[in-house]
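Enquirer: Quick one: structure below, then a few questions.
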Amino acid sequence: MSNWQQKVRLKPRQRGFHLIDSELLSQLPKLHECNIGVLHLFIQHSSASLTINENADPTVRVDMESHFNKFVPENASYYRHTYEGPDDMPAHIKASTLGSSVSIPVNSGQLLLGTWQGVYLGEHRDHGGSRNIVATYVGS
Amino acid sequence: MSNWQQKVRLKPRQRGFHLIDSELLSQLPKLHECNIGVLHLFIQHSSASLTINENADPTVRVDMESHFNKFVPENASYYRHTYEGPDDMPAHIKASTLGSSVSIPVNSGQLLLGTWQGVYLGEHRDHGGSRNIVATYVGS
Amino acid sequence: MSNWQQKVRLKPRQRGFHLIDSELLSQLPKLHECNIGVLHLFIQHSSASLTINENADPTVRVDMESHFNKFVPENASYYRHTYEGPDDMPAHIKASTLGSSVSIPVNSGQLLLGTWQGVYLGEHRDHGGSRNIVATYVGS
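Residue numbers (this note's numbering), protein chains in the order written: chain A, 0 to 139; chain B, 0 to 139; chain C, 0 to 139.
This is the structure in structure tokens:
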């Protein structure tokens, strides 16, 4: 199969890190027809992020949230962009620190993630709502 | 249109975060002929970065600069790479934290950025000068 | 040359940042036959990372390690994922902060890295062992 592109709308999730492999893959059946290439996942928001991390122990996601809340604090004295609430500016900083996209190698219809890797949504707003992802496959 | 590649030279900017969508896109007219694929933007420097974030309120860029200056401090006691000045080593750390490239889905000649997303240059040196970007389109 | 994909197994390295250009490129001879595209390098582990940074002065790698050890500390009171040792949870946080992949433009068989750029492995475990990378070329 050649290049293709598809939008995926994620269900709303609470603030924190969430494993989204199942929800994503169930909506991308064309992946099974792909041979060699890269799947590019892009989140169309500046206050949420995509990253790849450990897929087994939920406490990793809890600790990620604790860490980024400490090192990207709310209510920092130097913030000027504050009118959407204390979670607003930290969400933008987390989005750039973690990134708006991940790209994953594909072979014979499968994502070549490592055994312990999964795709995380970083939901950085208190009430982010549903999030839009654009999935683009480039390859053969 | 098939794969293409083009170099873009950005005008010099002062230290901080800058929205560069207009300057970039005005130099990439071939994008309008692209159908489905990914635009990959790569900055050829280890003391500047590319990231995607909020495109409307300039205080977001100001707050990003304040945040990264605090959490990637100048003159840390443990720095050994110091001979190019206090902005040198922090610039390298910021470059890796934020990243050297962004990739953006393309459809029918348009970047599929979200409504509130834009491309930022992170200029992490006090006098970085002009910066080189390689734009590569892969897709159809 | 069209799209191709290859696994590369990196030799074990000690905790810290390591320039891996030579080891990688010596195992990717097909790169010389590529015309225009992007080389995507993906590490199949959630406690190591890939990033691009300064390729000349080894103290940059030392300072990167010092910085991330300070700002992603071991034994933080809020960590709950602790049973694999004090380097475990920080390794996951560093992996997401720095990223699991880099993508680099290619032209006429050459990586279009800047003069001062190289590919770093971030080895974030005390005893990480050898690491697997999937190299995927998309382009023409």
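Ideal Cβ positions, reconstructed from N, Cα and C, are used throughout, including at glycine. Please read these numbers as outputs of a predicted model, since none were measured by experiment.
Work out the CA separation of I132/A and I51/A for me, nearest whole Å.
Expert: Position 52 of the first sequence holds residue 51/A. Position 133 of the first sequence holds residue 132/A. Their Cα atoms are separated by approximately 15 Å.
Enquirer: Once the 5 residues before and after D86/B are set aside, which same chain residues still bring their CB inside 6 Å of it?
Expert: The residue labelled residue 86/B in the question sits at position 87 within the second sequence. R124 and D125, listed in sequence order.
Enquirer: If you drop the 5 nearest sequence neighbours on each side, which residues of the same chain put their C-beta closer than 8 Å to that of S100/A?
Expert: Taking the first residue of the first sequence as 1, we reach residue 100/A at position 101. Here the set comprises H39, L40, F41, I42 and L49.
Enquirer: Write down the C-beta distance between L9/C and L112/C rounded to the nearest angstrom, noting that I regard them as a contact closer than 8 Å.
Expert: Here the question's residue 9/C lines up with position 10 in the third sequence. Here the question's residue 112/C lines up with position 113 in the third sequence. So it is not a contact: roughly 18 Å between Cβ atoms.
Enquirer: Taking Cβ-Cβ distances shorter than 7 Å, what residues in chain C pair up with S129/B?
Expert: As a working note, residue 129/B is residue 130 in the second sequence. Residues of chain C passing the Cβ test: none, with the nearest at roughly 13 Å.
Enquirer: Please report the distance separating the alpha-carbon of P28/B from that of V118/B.
Expert: Within the second sequence, numbered from 1, the residue matching residue 28/B stands at position 29. Within the second sequence, numbered from 1, the residue matching residue 118/B stands at position 119. P28/B and V118/B: Cα-Cα distance of roughly 17 Å.
Enquirer: Using alpha carbons as the reference points, say which of Y77/A, M63/A, E22/A and A94/A lies closest to G127/A.
Expert: As a first step, residue 127/A must be located in the first sequence, where it is residue number 128. Of Y77/A, M63/A, E22/A and A94/A, the residue nearest in Cα terms is A94/A.
Enquirer: Tell me the start and end of each unbroken beta strand (DSSP E) in the region 34–117 of chain C that is at least 3 residues and wholly inside, in chain order.
Expert: Correct list: 35–42, 47–53 and 100–106.
Enquirer: When you measure from the CB of P11/A to every non-hydrogen atom of the ligand MN, does any distance come out below 7 Å?
Expert: Here there are no bound small molecules, and the ligand MN is not part of this structure.
Enquirer: I'd like to know if the region 18–34 of chain B and the region 72–81 of chain B are in contact, where contact means that at least 3 CB-CB pairs between them fall below 8 Å.
Expert: No, they do not touch.
Enquirer: With DSSP as the reference, identify every bridge partner of H17/A, one or two as the case may be.
Expert: Indexing the first sequence from 1 puts residue 17/A at position 18. H17/A is bridged to L120/A.
Enquirer: Between N34/C and I35/A, is the Cβ-Cβ spacing less than 8 Å?
Expert: Here the question's residue 34/C lines up with position 35 in the third sequence. Here the question's residue 35/A lines up with position 36 in the first sequence. Not a contact, by the Cβ cut-off of 8 Å.
Enquirer: Which chain C residues are close to F70/B, counting only those with a beta carbon under 8 Å from its beta carbon?
Expert: The residue you call residue 70/B lines up with position 71 of the second sequence. Correct list: F70.
Enquirer: Can you give the Cα-Cα distance for G15/A and E32/C, rounded to whole angstroms?
Expert: Walking along the first sequence from the start, residue 15/A turns up at place 16. Walking along the third sequence from the start, residue 32/C turns up at place 33. The alpha-carbon atoms of G15/A and E32/C are separated by roughly 44 Å.
Enquirer: Which of the three DSSP states is assigned to L27/B in this structure?
Expert: Indexing the second sequence from 1 puts residue 27/B at position 28. The answer is coil: DSSP assigns L27/B none of H, G, I, E or B.
Enquirer: Who pairs with R12/A in a beta bridge, going by DSSP?
Expert: For this step, residue 12/A is matched to residue 13 along the first sequence. DSSP lists no partner for R12/A.
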